[in-house]
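**Q** Sharing a structure with you now.
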Amino acid sequence: MPLATSFLQDQSFLDVLYILAFGLFIQGLRGLSGPTTAVRGNRIAAVGMAIAVIATLLNVNEGNWGLIALGIVLGTAVGVPAARRVKMTAMPQMVALFNGVGGGAVFLISWSEFRLTHGFSSTATYVTIFSLFAAIVGSVSFWGSNIAFGKLQEVIPGRPITLGSSQQLVNLLLFALAVAAGVDIAAGDQSEAIFIGMLVCAALLGNAVVLPIGGADMPVVISLLNAFTGLSAAATGIALNNPALIVAGMIVGASGSILTNLMATAMNRSIPAIVAGGFGGGGAVEGASGAGEHAGTVRSTSAADAAIQLAYANRVVIVPGYGMAVAQAQHAVRELTKELEKRQVEVSYAIHPVAGRMPGHMNVLLAEADVPYDQLKEMDDANPEFQRTDVSLVIGANDVTNPAAKNTPSSPIYGMPILEVSDSHSVIVIKRSMNPGFAGIENELYYDPKTTMLFGDAKSAVSEITAELAQI
Amino acid sequence: MILASTLTTNLAILVLAGFIGFVVISKVPNTLHTPLMSGTNAIHGIVLLGGLLVVGLSGNGTFNKVILVVAIAFGTINVVGGFLVTDRMLEMFKSKPKARAPGKDDDGKGKAA
């Protein structure tokens, strides 16, 4: 028995397991590059995680099993039902929440390291620095993600909550205080009060940064916080000298940064501008300037008229947006598509990279409704096709179709790549009301003579059209 | 001396991992960005290991234990929830490709104005 035990607890053996684990993470993520290999990729990564956890457990002192078992049982009891039950439409907030708990774990680990080492009294300086970095970033990520969750779940109002012009100053001050406390501890202060003060400043910073950000920018924020949690995990890995943590954390950091950047580009916004806040919500100052200037009239239509228009089209492009997600309309949309296809109408879907509340959110919903993968067109493929499209059916999408992004240099979204639905022969927009979208900007598309509006909840409106179609 | 070399080795791993992450993630199409976000999210749940290692250092005191149990629980939620939810999403993508409705040709119907 001593032989076997010592073999399993040999550091080199453990390191080999960790290396195997991160190899599997990388291989798993490679699988995510295509829909056919993605499921297997995710499972490969999960196997890597299991190996990493088992390797770590081999090395645990006896006597701590109770605590570990308690933690794992609690976590599983919360995590499994949450993951099983969450609706696909609520995916962004679920990811925000899971991201938050990850950040929470990071700062708690750092805190207990601080306590166990009596204020980092005998650790190497670099270990202290990486632990403190992890604590600050983890705490920001935890609180920021929870606020993002609250906003998406509509527990907290989605519009920006801001301190006005002093916001930047407050953020800067909180950041400076957290860093100053960290420097003080790194310089040898062992006071736990200072450490807690640092965590509190970081927590307030997480709140102060995310509260002013409006609903439309939330996907960018979640992705950014995802990158933060990854980096803080990598820092924890350096502090604990654990290669699996370093590699996994850093890959997530890189992935989060790439995604954040892609999304910011797709919205024509800079990341600092998003973090500075104040734009992405209903009553934003810049956004309001565009409202109320339109002399044009809006033509509304009925489900019956829309059905006729669609039935006699050769080619229909459906442009889904967040409205489809909140109304859970994806299955109704699929039914409509089937009905149209029976009538030999060619149907495809044009997906804007930031449609919904997460990149790729629409793809997940439509996949849930069994829409064939090859009917989903990305923006660059979809745009040239609009000119030969008879009817574009816009379901709960707004800003991503706004021609102001192309035509109006004064518009806050000017320069953002859009789906050029106004190129098609006619446009039907399903929308709950004339309220502007999350960016708070009037949409010129609705005043276009080619456009008719069908007011109503996306799901019931689409179902009504399908019912009318069946009678034609 | 030994500490310094541990640090530089770890930093080297960090930098290389950053580049690998960049290359691998750049190949993921837009369509799969939500599962990607959720999958990478699950992977940073690896901080769970941090919790397990620090428990290994062991400390007495109820408060230390509470912090660590919560940290381990958080890490577990992150890992287990993250992988499950990603799996659920990706399963939906897998059930493709179905036969499309036949015949998309123009059969003489007029265009809607």
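So the sequences go chain by chain: B and F.
First residue of the first sequence? That's 1 in the numbering used here, and the numbers climb one at a time after it.
First residue of the second sequence? That's 1 in the numbering used here, and the numbers climb one at a time after it.
No residue lacks a Cβ here, since even glycine has one placed at the ideal position from N, Cα and C.
Could you name the residues of chain F that Gly79/B contacts, counting a contact when the two beta carbons are closer than 7 Å?
**A** Counting from 1 along the first sequence, the entry for residue 79/B is found at position 79. Residues of chain F passing the Cβ test: Thr76, Ile77, Val80 and Gly81.
**Q** What does Ile258/B reach in chain F if we use C-beta pairs closer than 7 Å?
**A** By one-based count along the first sequence, residue 258/B stands at place 258. Those are Phe22, Ile25 and Ser26, listed as they occur along chain F.
**Q** On the CB-based measure, 16 or more other CB atoms within 10 Å of its CB, does Glu113/B come out buried or exposed?
**A** In the first sequence, counting from the first residue as 1, residue 113/B sits at position 113. Classification of Glu113/B: buried, given that the 10 Å Cβ count is 16 or more.
**Q** Based on Cα-Cα distance, which residue from Ile238/B, Ala264/B and Leu224/B lies nearest to Gly256/B?
**A** The residue labelled residue 256/B in the question sits at position 256 within the first sequence. Closest option to Gly256/B, Cα to Cα, is Leu224/B.
**Q** Using a cut-off of 7 Å between C-beta atoms, extract the partners of Thr62/F located in chain B.
**A** In the second sequence, the residue the question calls residue 62/F occupies position 62. Here the premise fails: no neighbours, minimum Cβ distance about 11 Å.
**Q** Pairs of beta-carbons, one from the region 62-80 of chain B and one from the region 19-31 of chain F, closer than 8 Å: are there three or more?
**A** The region 62-80 of chain B, when compared against the region 19-31 of chain F, does not touch it at the 8 Å Cβ threshold.
**Q** Using a Cβ-Cβ distance under 9 Å, would Trp473/B count as near chain F?
**A** Nothing can be reported for residue 473/B: it is not among the residues displayed for chain B, which extend from 1 to 472.
**Q** Taking 8 Å as the cut-off, is the beta-carbon of Leu58/B closer than that to any non-hydrogen atom of the ligand FMN?
**A** Of ligands this structure carries none, so the ligand FMN is not represented either.
**Q** Restricting to Cα atoms, I'd like to know which of Val60/B, Trp65/B, Phe107/B and Gly48/B is closest to Gly75/F.
**A** In the second sequence, counting from the first residue as 1, residue 75/F sits at position 75. With distances taken between Cα atoms, Gly75/F lies closest to Phe107/B.
**Q** Counting only Cβ-Cβ distances shorter than 7 Å, please list the residues of the region 345-376 of chain B near chain F, keeping chain order.
**A** Cβ contacts with chain F: Glu346, Pro353, Met358, Pro359, Gly360, His361, Asn363, Val364, Ala367, Glu368, Asp370, Pro372, Tyr373, Asp374 and Leu376.
**Q** Just the chain F side, please: which residues come within less than 8 Å of Arg84/B by C-beta, in chain order?
**A** Counting from one through the first sequence, the residue named residue 84/B turns up at place 84. Correct list: Leu84 and Arg88.
**Q** Whose Cβ in chain F lies nearer than 8 Å to the Cβ of Phe98/B?
**A** The sequence position of residue 98/B within the first sequence is 98, counting from 1. Residues of chain F passing the Cβ test: Ser38, Asn41, Ala42, Gly45, Ile77, Asn78, Gly81, Gly82 and Val85.
**Q** Contact defined as beta carbons within less than 8 Å: I believe Thr451/B pairs with Val427/B. What is the distance between those atoms, to the nearest angstrom?
**A** Working through the first sequence from its first residue, we reach residue 451/B at position 451. Working through the first sequence from its first residue, we reach residue 427/B at position 427. Confirmed, Cβ separation roughly 4 Å.
**Q** Could you tell me whether the Cβ atoms of Val252/B and Ala233/B are closer together than 9 Å?
**A** Numbered from 1 along the first sequence, position 252 holds the residue referred to as residue 252/B. Numbered from 1 along the first sequence, position 233 holds the residue referred to as residue 233/B. Going by C-beta atoms, Val252/B is nearer than 9 Å to Ala233/B.
**Q** From the DSSP output, in three-state form, read off Arg115/B for me.
**A** The count along the first sequence starts at 1 and reaches residue 115/B at position 115. Three-state DSSP puts Arg115/B in a helix.
**Q** Between His361/B and Pro35/B, how many whole angstroms is the CB-CB distance? I'm expecting something under 8 Å.
**A** Residue mapping note: residue 361/B aligns to position 361 of the first sequence, counting from 1. Residue mapping note: residue 35/B aligns to position 35 of the first sequence, counting from 1. That pair is no contact at about 15 Å.
**Q** Listed from N- to C-terminal order along the chain, which residues in the region 111-137 of chain B have their beta-carbon within a distance smaller than 7 Å of any beta-carbon of chain F?
**A** For the region 111-137 of chain B, which is checked against every Cβ of chain F, the residues closer than 7 Å are Trp111, Ser112, Glu113, Arg115, Leu116, Ala124 and Tyr126.
**Q** Would Gly206/B count as contacting chain F if we go by Cβ distances under 9 Å?
**A** Taking the first sequence and counting its residues from 1, one reaches residue 206/B at position 206. With 9 Å as the cut-off, Gly206/B does not count as an interface residue toward chain F.
**Q** Just checking my contact of Ile395/B with Val462/B at CB under 8 Å: how many whole Å lie between their CB atoms?
**A** One-based indexing of the first sequence puts residue 395/B at position 395. One-based indexing of the first sequence puts residue 462/B at position 462. Their Cβ separation, rounded to whole angstroms, is 7 Å, which keeps Ile395/B and Val462/B in contact under 8 Å.
**Q** Measuring only between beta-carbons, confirm whether Arg30/B sits less than 9 Å from chain F.
**A** For this step, residue 30/B is matched to residue 30 along the first sequence. Closer than 9 Å: yes.
**Q** Quick one: using the 10 Å Cβ neighbour count with 16 as the cut-off for buried, is Met434/B buried or exposed?
**A** Numbered from its first residue, the first sequence carries residue 434/B at position 434. Classification of Met434/B: exposed, given that the 10 Å Cβ count is below 16.
**Q** From the DSSP output, read off the bridge partner residues of Phe455/B.
**A** Here residue 455/B corresponds to residue number 455 of the first sequence, with the count starting at 1. DSSP, once it has assigned bridges, lists Lys431/B as partnering Phe455/B.
**Q** Below 7 Å between beta carbons is the criterion; list the residues of the region 221-241 of chain B that meet it against any residue of chain F, in chain order.
**A** Cβ contacts with chain F: Ser223, Asn226, Thr229, Gly230, Ala233, Ala234, Thr236, Ile238, Leu240 and Asn241.
**Q** Can you name the residues that DSSP bridges to Ala350/B?
**A** Numbered from its first residue, the first sequence carries residue 350/B at position 350. According to DSSP, which records beta bridges pairwise, Ala350/B is partnered with Lys377/B.
**Q** Count Cβ pairs between the region 339-355 of chain B and the region 319-326 of chain B that sit closer than 8 Å; are there 3 or more?
**A** These segments touch.
**Q** Could you give the distance in angstroms between the alpha-carbon of Leu57/B and the alpha-carbon of Gly56/F?
**A** For the purposes of this step, residue 57/B is taken as residue 57 along the first sequence, with counting starting at 1. For the purposes of this step, residue 56/F is taken as residue 56 along the second sequence, with counting starting at 1. Their Cα atoms are separated by approximately 9 Å.
**Q** Pull up the distance between the alpha-carbon of Trp111/B and that of Ile430/B, whole angstroms please.
**A** Position 111 of the first sequence, counted from the start, is the residue given in the question as residue 111/B. Position 430 of the first sequence, counted from the start, is the residue given in the question as residue 430/B. One C-alpha to the other measures close to 51 Å.
**Q** Establish whether the CB of Ile147/B and some CB of chain F are separated by less than 9 Å.
**A** Numbered from its first residue, the first sequence carries residue 147/B at position 147. No, because no Cβ of chain F sits closer than 9 Å to the Cβ of Ile147/B.
**Q** Are there three or more Cβ pairs, one per stretch, closer than 8 Å when the region 197-209 of chain B is compared with the region 171-182 of chain B?
**A** Yes, they touch.
**Q** So which of Leu454/B, Ala350/B, Thr236/B and Ile44/B has the shortest CA-CA distance to Val137/B?
**A** Mapped onto the first sequence, residue 137/B falls at position 137. Of the candidates Leu454/B, Ala350/B, Thr236/B and Ile44/B, the one whose C-alpha sits nearest the C-alpha of Val137/B is Thr236/B.
**Q** Suppose the cutoff is 8 Å on Cβ atoms and the five residues either side in sequence are ignored; what does the same chain contact list for His118/B look like?
**A** Residue numbering aside, residue 118/B sits at position 118 when the first sequence is read from its first letter. Excluding sequence neighbours, His118/B sits near Gln190.
**Q** Is DSSP giving Glu293/B helix, strand or coil here?
**A** Taking the first sequence and counting its residues from 1, one reaches residue 293/B at position 293. Low per-residue confidence applies at Glu293/B: pLDDT is 47, beneath 50, and the placement is therefore not dependable, though the value from the model is reported in the following sentence. Note: Glu293/B maps to coil in three-state DSSP.
**Q** Are there 16 or more other CB atoms within 10 angstroms of the CB of Ala254/B, so buried, or fewer, so exposed?
**A** By one-based count along the first sequence, residue 254/B stands at place 254. With 16 or more Cβ atoms within 10 Å of its Cβ, Ala254/B is classed as buried.
**Q** Please classify Gly206/B as buried or exposed, where buried requires at least 16 neighbouring CB atoms within 10 angstroms.
**A** The count along the first sequence starts at 1 and reaches residue 206/B at position 206. Under this definition Gly206/B is a buried residue.
**Q** How would you call Asn407/B, buried or exposed, if buried means at least 16 neighbouring beta carbons within 10 angstroms?
**A** Residue 407/B sits at position 407 when you count from the first residue of the first sequence. With fewer than 16 other Cβ atoms within 10 Å, it is exposed.
**Q** Sorted by chain position, which residues of the same chain lie with C-beta nearer than 7 Å to Val364/B's C-beta, five sequence neighbours on each side aside?
**A** Within the first sequence, residue 364/B is the residue found at index 364, counting from 1. Cβ neighbours of Val364/B beyond the five flanking positions: Met88 and Met91.
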